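Notes to accompany the following structure.
In our numbering, the protein residues as written are 5 to 199.
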C-alpha cells in the first residue's frame with residue numbers, strides 16, 4: 005500500500021482497525037486518569053472553577069457508586085469496538101461448565117498484574133460482551149473489579165463505570181453480583197480466599 009509516498013506493509017484493513025482500537029485503549033489506560041486529574045486542577049484556577057465545584061459535590065454524593073457496579077451502559081458493553089479489541093490478541097472466553105443464574109460467582113483472573121496486555125483479557129471477557137459472555141451465560145451480568153486507585157481520578161471514574169467496572173472491595177462483592185472477575189492476590193483483602 006502506498007499513501008503519499010509512504011509504503012506500508014500489506015496488512016489487512018481489519019487488522020489495522022484492531023490495532024487502532026488496542027492503541028486507543030492503551031492510550032486511554034495510560035493517559036486518561038492523570039490527564040483528567042490535570043484538567044481538573046487546571047480548570048480549578050480558571051473562571052470555570054464553579055463547574056468543578058458542582059462536579060466535586062456530585063463526586064462526594066456519588067462516591068460509593070463504583071462499589072455497586074457503576075452506571076453500566078448497555079451500548080458500551082455491546083460496542084463493536086470491543087470485538088475488534090478482543091480479536092486483536094485474540095481473546096476468547098471458553099465455557100467449561102453450566103452456571104446456575106440464581107447464584108453469584110467470583111472468577112479469579114491469573115496472572116494478576118497492572119500490565120496492559122494481561123489485563124486486556126480480563127477487560128474483554130468481564131467488562132464487555134466482545135467474547136460472547138451474554139450468549140454463554142444468559143440472565144447473568146458480569147462485573148470486573150479493579151484497583152481502587154482507578155476510581156480516585158475525577159471524570160475518569162465516570163468513564164470506567166460505563167462498562168460496569170467496580171472498585172475491588174468487600175462491599176462490591178456483596179451486591180447483586182452474578183459473575184465478578186477479581187484479581188486474585190487482592191481477593192484476600194476483600195475477604196475471599198481464592199487459589
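Where is the CB? At the ideal position from N, CA and C, for every residue including glycine.
These numbers come from a predicted model, not from an experiment.
Extent of the continuous beta strand (DSSP E) to which residue i belongs
i: residue 147; result: 146–150
i: residue 109; result: 109–113
Pairwise C-alpha distance: residue j and residue i
i: residue 145; j: residue 76; result: 10 Å
i: residue 67; j: residue 14; result: 49 Å
i: residue 143; j: residue 105; result: 6 Å
i: residue 102; j: residue 109; result: 12 Å
i: residue 156; j: residue 114; result: 25 Å
i: residue 111; j: residue 162; result: 24 Å
i: residue 199; j: residue 34; result: Here residue 199 scores only 35 on pLDDT, less than 50, and its place in the model is too uncertain to base an answer on.
i: residue 10; j: residue 16; result: 17 Å
i: residue 149; j: residue 7; result: 43 Å
i: residue 200; j: residue 18; result: Because the chain in this structure spans residues 5 to 199, residue 200 falls outside the shown range and cannot be described.
i: residue 83; j: residue 25; result: 12 Å
i: residue 37; j: residue 154; result: 7 Å
Where the alpha helix (DSSP H) containing residue i begins and where it ends
i: residue 32; result: 17–48
i: residue 156; result: Residue 156 -> no alpha helix (DSSP H), and no H or E assigned at all.
i: residue 139; result: 137–140
i: residue 172; result: Per DSSP, residue 172 belongs to no alpha helix (DSSP H) and is neither H nor E.
Close beta carbons around residue i, own chain, < 7 Å, minus the five adjacent residues each side
i: residue 167; result: 76, 80, 81, 131 and 132
i: residue 134; result: 86, 87, 89, 90 and 128
i: residue 158; result: 40, 41, 44, 59 and 63
i: residue 73; result: 147, 168, 170 and 179
i: residue 21; result: 88
Residues near residue i in its chain [Cβ-Cβ closer than 8 Å; skip 5 each side]
i: residue 69; result: 75 and 165
i: residue 99; result: 140 and 141
Own chain partners of residue i with C-beta closer than 6 Å, once the 5 adjacent residues on each side are dropped
i: residue 152; result: 171
Exposure label - residue i; buried when at least 16 CB within 10 Å
i: residue 58; result: exposed
i: residue 71; result: buried
i: residue 123; result: buried
i: residue 126; result: buried
i: residue 56; result: buried
i: residue 54; result: exposed
i: residue 65; result: exposed
i: residue 52; result: exposed
i: residue 32; result: exposed
i: residue 137; result: buried
(message) Is it the case that the stretch 87–102 contacts the stretch 46–54, given that we only count it when at least three CB pairs across the two stretches are under 8 Å?
(response) no
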